[in-house]
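K.L.:
Supplied in structure tokens, the structure appears directly below.
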Amino acid sequence: MSILSKKTAIVTGASSGIGEAIAIELGKRQVQVVCAARRIDRLDRLATKITGAGGHALAIQCDVTDRDDFGKLVHITRETFGAVDILINNAGVMPLSMMDKGHIDEWEQMVRININGVLNGVHAVLPHMLKAGGGHIVNVSSIAGKKVIPGGAVYCGTKHFVHALSEGLRMELSDKNIRVTTIAPGFVTTELTNTITDQDVLERFKAYDDITPLAPVDIASSTIHALEAPPHVDINEVVIRPTMQML
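And the structure:
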């Protein structure tokens, strides 16, 4: 039996991709999983899949950019399961574009979701973890949080923020039994690229055509590895790339 059994986890961005895969893997380990995202129809199907396999899951519609909405998510989670032991800050968007295209609405969307959404999650769960005497916050970032690419100036900036935030949290919370992990995937098969409208960026993505990308379950496995580490072990950062990805 996993040491995660009977713990409660909130997973944002759980309606597809990495978030969905993490929620499923947590459910297999008898974690009480709260699946959060804006697309409630997909969340309902995910929760049904987890419970149908013998797990415990709850679907809650949530806009992570809304501080009150995130607060309600945490409140319902605690009312239902009694605690919030794990937060997976996974929700994010990636409408890459060259700066001279001036896609300012997309820039602001990335700031709202990739930065403010993470801050809202930390703000919502931290008082409860401190009171409970422990917890684990996982922030899903990207290799873009370590390297900047053309077309990714804003996106990379948001992910660099996630890395900096995670390190600051780790330093502040290490003596309070709250672990902090950053997961930084490379090229993954997800819906993130569907939001890219800049044709120059899409042309650059052809360089990845010969690379076998990571699957969401690969990221989920790395996340589970960090969560299942013994209590005295804090896996602060996991960088995971496809074997053939050089950058």
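Following my numbering, the numbering of the sequence shown begins with 211 at its first residue and continues without gaps. Yeah, the Cβ is synthetic: ideal placement off N, Cα and C, and Gly gets one too.
I'd like to confirm the pairing. Which residues does DSSP put opposite His-505 in its beta bridges?
P.N.:
Because the chain in this structure spans residues 211 to 457, residue 505 falls outside the shown range and cannot be described.
K.L.:
Please classify Thr-448: does DSSP put it in a helix, a strand, or coil?
P.N.:
Before going further, note that residue 448 is Val rather than Thr in the sequence given. Of the three classes helix, strand and coil, the one that applies to Val-448 here is strand, per DSSP.
K.L.:
Around the C-beta of Lys-369, are 16 or more other C-beta atoms found within 10 angstroms, so that it is buried, or is it exposed?
P.N.:
Counting Cβ neighbours within 10 Å, Lys-369 comes out buried, since at least 16 surround it.
K.L.:
Can you check which of these residues, Gly-265, His-285, Ala-417, is closest to Arg-239 by C-alpha distance?
P.N.:
Cα-wise, what sits closest to Arg-239 is Gly-265.
K.L.:
Quick one, are the C-beta atoms of Ile-270 and Gly-237 less than 9 Å apart?
P.N.:
Their beta carbons are not under 9 Å apart, which means Ile-270 does not touch Gly-237 by this criterion.
K.L.:
Helix, strand or coil for Leu-256, going by three-state DSSP, please let me know.
P.N.:
Note: Leu-256 maps to helix in three-state DSSP.
K.L.:
List the whole-angstrom C-beta distance separating Ala-267 from Ala-257, where the pair is believed to meet the contact cut-off of C-beta under 8 Å.
P.N.:
Indeed they touch by this definition, with Cβ atoms about 4 Å apart.
K.L.:
Mapping the DSSP letters down to three states, classify Pro-337 as helix, strand or coil.
P.N.:
Helix at Pro-337.
K.L.:
Give the C-beta separation of Glu-289 and Pro-305 to the nearest angstrom, bearing in mind that I take them to be a contact with Cβ-Cβ under 8 Å.
P.N.:
Contact doesn't hold; Cβ gap of about 35 Å is too wide.
K.L.:
For Asn-387, name the three-state secondary structure that DSSP assigns.
P.N.:
Asn-387 falls in the coil class under three-state DSSP.
K.L.:
Helix, strand or coil: which one does DSSP assign to Gln-455?
P.N.:
Correct three-state label for Gln-455: coil.
K.L.:
Do Asn-446 and Ser-377 come within 9 Å of each other at the CB atom, strictly closer than that value?
P.N.:
Here residue 377 turns out to be Glu, not Ser, going by the sequence shown. Closer than 9 Å, so yes.
K.L.:
Tell me the DSSP secondary structure of Thr-400 in three-state form.
P.N.:
Note: Thr-400 maps to coil in three-state DSSP.
K.L.:
Please classify Ser-215 as buried or exposed, where buried requires at least 16 neighbouring CB atoms within 10 angstroms.
P.N.:
With fewer than 16 other Cβ atoms within 10 Å, it is exposed.
K.L.:
Can you tell me the Cα-Cα spacing of Asn-349 and Pro-360, whole angstroms?
P.N.:
So the two alpha carbons sit approximately 24 Å from each other.
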